[in-house]
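Notes follow the structure.
Residue numbers (the numbering used here): 127 to 300.
This is the structure:
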């Protein structure tokens, strides 16, 4: 028995260690992670689409609830991007809505990966008030708009907007 004691002790210790280990199947873990990531991507897409629904309904309470307090809106300026906060974005958007009271954003394509959601929109409305120094024309104007949104913890933390503003304004001058 004394000769077998070290061997039995090691065998018992190995059995104890093996029994206390968590049995993880790498395939199941990878599948679970992929499923969770896919769910988050779908949730992020839904949050961004909720933002556009809120903007179309002029529901600023819902819209504000979808963005982070440190939200940054990036827009084309000169040869780069300008940056404003949510309140700056809201002020600008409300001013545009006064000029185009029927303004609507229609998502055409939504693509998401990780914490980013890209949306191709078509914006359209009738100019009924002053806009960019142009008096009301009562003309319909529209433009494709591309936005890339970044989300974290269920909130939109930033976006980057690309729109050909010159082409949009040109429609009002015709």
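All C-beta atoms in this analysis are idealised placements derived from N, C-alpha and C, irrespective of residue type, glycine included.
> Would you call residue 253 buried or exposed, if buried means 16 or more other Cβ atoms sit within 10 Å of its Cβ?
Replying inline: Counting from 1 along the chain shown, the entry for residue 253 is found at position 127. It counts as buried.
> Who are the near neighbours of residue 286 in its chain, counting only those whose CB is closer than 6 Å to its CB and skipping five residues on each side?
Replying inline: The count along the chain shown starts at 1 and reaches residue 286 at position 160. These residues qualify, in order along the chain: 200 and 274.
>> Bridge partners for residue 219 per DSSP, in chain order?
In response: As a working mapping, residue 219 is identified with position 93 in the chain shown. Beta-bridge pairing links residue 219 to no other residue.
> For the stretch 210-221 against the stretch 240-251, are there 3 or more C-beta pairs whose distance is under 8 Å?
Replying inline: no
> What first and last residue would you give for the beta strand (DSSP E) that runs through residue 286?
Replying inline: Within the chain shown, numbered from 1, the residue matching residue 286 stands at position 160. Where residue 286 is concerned, the enclosing beta strand (DSSP E) stretches over 281-289.
> What three-state label does DSSP hand residue 210 in the structure shown?
Replying inline: Residue 210 sits at position 84 when you count from the first residue of the chain shown. DSSP places residue 210 in strand when its eight states are reduced to three.
> Per DSSP, what kind of secondary structure is residue 190 in: helix, strand or coil?
Replying inline: For the purposes of this step, residue 190 is taken as residue 64 along the chain shown, with counting starting at 1. Here residue 190 sits in helix by DSSP.
> Ordered along the chain, which non-local residues of its own chain (more than five positions away) have a Cβ less than 8 Å from that of residue 282?
Replying inline: Residue mapping note: residue 282 aligns to position 156 of the chain shown, counting from 1. Correct list, in chain order: 173, 174, 177, 192, 193, 194, 197, 275 and 276.
> Just checking my contact of residue 251 with residue 267 at CB under 8 Å: how many whole Å lie between their CB atoms?
Replying inline: In the chain shown, residue 251 corresponds to position 125, counting from 1. In the chain shown, residue 267 corresponds to position 141, counting from 1. Yes, residue 251 and residue 267 are in contact; Cβ-Cβ is about 7 Å, under 8 Å.
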